[in-house]
Amino acid sequence: MTTATATGATYQRVVRSLGTGAPVYALLAVLLVLLAVTDIGFYEPDRFLAFVKRAAPLVILAAGQYLVIVCGEFDLSVGAIVTAGVVAAAEVYGSFPGAPWLLITAGLLLAGALAGLLNGLITTWLRVPSFITTLGMMLILEGAVFYWTGGSPHGQLPQDFRQLGRGTALGWLPWAVVACLAAGALAVLLMRSDFGRTLVATGDSERTAALSGVRVHRARVIAFVLSGVAAALAAVLVGGFSGVSAQAGRGYEFEAITAVVLGGVVLGGGRGSVVAAMAGAFSLQALFTLLNLRGVSGALESTVQGVIVIAAVGIGAADWSRLRRRRTHSSGGTPT
Amino acid sequence: MNPRTVRRRMLAPAAVLLSGALLAACSSDTPLDAPAAASGSTDTDGDKPSEFFERSEYKRQMALARETPRGPAGKPWEQMLEPQMTSTAQYEKKGSGGVHLCFSNAGVFNPWRQVGLKTMKAEVKLHENISDFTVLDAQGKDDKQISDIQELAGNKDCDALIVSPNTTATLTPAVKEACGKLPVIVFDRGVETDCAVTFVNPIGGYGYGAVAADFLVDEVEPKGKILALRISPGVDVLETRWSAAKLAFDRSRLDVADVKFTDGDPAKTKSIVADAISRHGSIDGVWMDSGATAVAAVEAFEDAGVDVPPITGEDQQDFLEAWKEKKLTAIAPTYPTFQWRTPVIAALRVLDGKPVPKEWKLPQPTVTQANLDEYLRDDMPPLHYAMCGCRKLPGYPEDWGGKK
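Protein chains in written order, with the UniProt record's numbering: chain A, 1 to 336; chain B, 1 to 404.
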């Protein structure tokens, strides 16, 4: 009897520490095992790093999207920011072929922050729902890119700019992996800081947070700004990885939200961890790779993707509610 | 929090995912020059014989590719292959005043169409007798194009109507209706009626796919592994490209290792090629149904640290540049953008009462190692199409995004 309670407690502790992300870690593990079975060479260092390199932009986008979602908003404009970033960099290089890459990258990050700032201010001050604000931002950016370039951007992205998305450090470590790790570490630190806690509190209950002295508007604006910066960083990686394209960021907003949801982060805010959101992005990328290696192609790919997303989120919700009930019973009816 | 709140909270993700999916669907591009609605039938393997394959049309295109076109050399947009002329005396425009041409465009949703439209507008400027040129852009939507066509055909000012249909079947009734009111010229994609005075298009998809496949059959050693990259399934002009190539590969001693869909996305293309290289040990040739992502494929080989095998692309500037710079073994069949000039020329002929071919088949040149320098121009934007036939048009190269 006592052992049963003990294992029960351990189980609960483990599950609680994994939080709502438990299903995504399980999903990721399953996908990684399936990848190993499908393709023996997948875990050779080079290939695995190449996989992480491919996942990097999505992971960074998911981290940014997490910040916005956990405080109760959405950011649908990230895909358009990626496209605009790649095209803007190409256009600037078209006019100034010798521009230093650091300057261009910094400029892009700043522009991303600005787009995020606008999203945040419009959402908080004008009280436009973020769904609409960022949808508008997406349309504005897409239209602007189209108008500016007539659909065919100028200039190539030079090698030194593309180094971050394409090149390797020390001859074996892709820069994109470094950027991904750095962004991930920053996101974790941020969520452990006071600001992170206020962000979650804002998403959980805006009114409670406001009454306890949180400046909810400021917290949300900062979340949008960081999401914009993350999208701009993803643009640098995507542009580096695959070069100029007028559709570079197509569908990324959807993938980022999917990744966050897969990570068990509750839409509407207030619950879920940033690590799980990033694991969600890895899971998506692993899924894409697996489908590709298994030869599932074309139309069926999105169907499989959709089924897995719904299943993962559904399982997450079911487990979680059962856990809640059990805890209520064990505490003998005392209100939690 | 009780379970009911939990469940209510889970409604929101569902709603957002759904709207996200819709958004993604709306914002995505229709690939290349292709009728989007033809996608009802999707063979999921990508390498099954396509139901789009028509042996007689395949043979016809193969024969056309060997023909010498009629018309002025060096002006392929005025040339015609095996023309069967039809009289247009009934459409001759009487009376004075300039010609008012009207154009219902499927949209400008990809670089190929953008280059084309610029070329068409420049062609219009060449003719002083065209007093007005009205363009309605259907933005890739069938319903908008149907009302566009009705509006233009009902407009007494339009002397002739040029149509580049968004999809084949859906636009057919609208084109039929317009035919009763004024001379109609269809180009680029077809409709299921021959009521138009003329239908302008190049040789076609079989010709395109075969040129690329034959090149690989010549260049790659027997038993070499071929990676075939396609944009997406179920689009007729792309299906014909692949079915011709598949026929050529089946007859050869090459081994088609993989057939993959890239969605025209360079990042996805790069991942697919990288995976294929590591899974098969090597890839000895790459066949593509359109060249927009060819540079990404080339880079995947570079990043994997192996030589780029013989590869096929298209006449897009970035690929031609990479070809020359990296000394690739390559070929670029084309779906020439100069075909956008021809409908304007055809319309003027019709309004003059001069005969035009019932189906105006244009040549479909190929960029090879021998003529690469002829088509490659410095200072054009990466997504420019070299086969625009636009070099001597007013406004070149600035209007096409190039530098003088």
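C-beta: ideal position from N, C-alpha, C; glycine also.
Under the rule that 16 or more other beta-carbon atoms within 10 Å means buried, what is M278(A), buried or exposed?
buried
Excluding the five sequence neighbours on either side, which residues of its own chain have a C-beta within less than 6 Å of the C-beta of L393(B), listed in chain order?
A122
Can you confirm whether R207(A), when its beta carbon is compared against all beta carbons of chain B, has any partner nearer than 7 Å?
The C-beta of R207(A) comes no closer than 7 Å to any C-beta of chain B.
Pop quiz: T149(A) and E206(A) are said to be a contact at Cβ under 8 Å. What is the actual Cβ separation, rounded to whole angstroms?
So it is not a contact: roughly 40 Å between Cβ atoms.
Return the bridge partner residues of S212(A) from the DSSP annotation.
In DSSP, S212(A) forms no bridge with anything.
Between the alpha carbons of G207(B) and V217(B), how many angstroms are there, rounded?
15 Å
Does the separation of the CB atoms of I203(B) and Q61(B) fall below 7 Å?
When the beta-carbon positions are compared, I203(B) and Q61(B) come within less than 7 Å of each other.
Kindly list, in the order they appear in chain B, the residues whose Cβ is closer than 7 Å to that of V275(A).
Per Cβ cutoff of 7 Å: no residues; V275(A) is ~19 Å from chain B at best.
Closest Cβ-Cβ distance between D275(B) and chain A: below 7 Å?
yes
Can you find the residues in the same chain that come closer than 7 Å, C-beta to C-beta, to L124(A), ignoring five residues on each side of it along the sequence?
The question names Leu, but residue 124(A) is Thr in the sequence shown. Only H217, R220, V221 meet the Cβ criterion.
To the nearest angstrom, report how far apart C179(B) and P381(B) are at their CA atoms.
39 Å
Could you give the C-beta distance for A228(B) and V259(B), rounded to a whole number, given that I count them as a contact under 8 Å?
4 Å
Under 7 Å between the Cβ atoms of G264(B) and I226(B)?
no
Quick one: list the residues of chain A neighbouring K121(B), beta-carbon separation under 8 Å, in chain order.
Those do not exist, as K121(B) stays about 12 Å from chain A at its closest Cβ, beyond 8 Å.
Bridge partners for A160(B) per DSSP, in chain order?
L101(B)
Residue range of the alpha helix (DSSP H) that A26(A) falls in?
22-38
Taking the alpha-carbon positions, what's the R166(A) to D142(B) distance?
Going from the Cα of R166(A) to the Cα of D142(B) covers about 40 Å.
Classify W86(B): buried if its beta carbon has 16 or more other beta carbons within 10 angstroms, exposed otherwise.
Inspection of the sequence shows that residue 86(B) is occupied by Thr rather than by Trp. Its Cβ having fewer than 16 others within 10 Å, T86(B) is exposed.
Assuming A89(A) and L67(A) form a contact by the criterion Cβ under 8 Å, report the distance between their Cβ atoms to the nearest whole angstrom.
So it is not a contact: roughly 24 Å between Cβ atoms.
With H, G and I counted as helix, E and B as strand and the rest as coil, what does DSSP make of V244(A)?
coil
Work out the CA separation of S56(B) and D188(B) for me, nearest whole Å.
Approximately 20 Å between the Cα atoms of the pair.
How about G234(B): is its Cβ closer than 6 Å to a heavy atom in the ligand GDP?
This structure does not include the ligand GDP; it has no bound ligands of any sort.
Within the 7 Å Cβ cut-off, does V68(A) reach chain B?
no
Could you check if N105(B) is buried or exposed, using at least 16 other CB atoms within 10 Å of its CB as the buried criterion?
buried
Within the continuous alpha helix (DSSP H) that includes K53(A), where are the two ends?
45-70
Note down, in chain order, each residue of its chain lying with its Cβ closer than 6 Å to the Cβ of E253(A), except the 5 sequence neighbours on either side.
The beta carbon of E253(A) sits closer than 6 Å to the beta carbons of L76, V78, G79 from its chain, once the five residues preceding and following it are set aside; these are given in chain order.
Taking the C-alpha atoms as reference points, what is the distance between A234(B) and G205(B)?
Note that residue 234(B) corresponds to Gly in the displayed sequence, not to Ala. So the two alpha carbons sit approximately 13 Å from each other.
At 4 residues or longer, what runs of the alpha helix (DSSP H) sit wholly inside the region 102-154 of chain B?
111-126, 142-154
Using 7 Å as the threshold, is the C-beta distance between D132(B) and H100(B) below it?
yes
Answer with buried or exposed for V306(B), where buried requires no fewer than 16 other C-beta atoms within 10 angstroms of its C-beta.
exposed
Closest to V286(B) by CA distance: which of I345(B), Q90(B), A257(B) is it?
A257(B)
Between V244(A) and chain B, is there a C-beta pair that is closer than 7 Å?
yes
Can you tell me where the beta strand (DSSP E) with V259(B) in it begins and where it stops?
First-last of the beta strand (DSSP E) with V259(B): 255-261.
Examine the Cβ distances between the region 100-120 of chain A and the region 295-315 of chain A and report whether three or more of them are shorter than 8 Å.
Counting Cβ pairs under 8 Å, fewer than three are found: no touch.
Is W360(B) close to chain A? Criterion is C-beta to C-beta, closer than 7 Å.
no
Can you pull out the residues from the region 72-95 of chain A whose beta carbon lies closer than 9 Å to at least one beta carbon of chain B?
F74, L76, G79, A80, A90, G94
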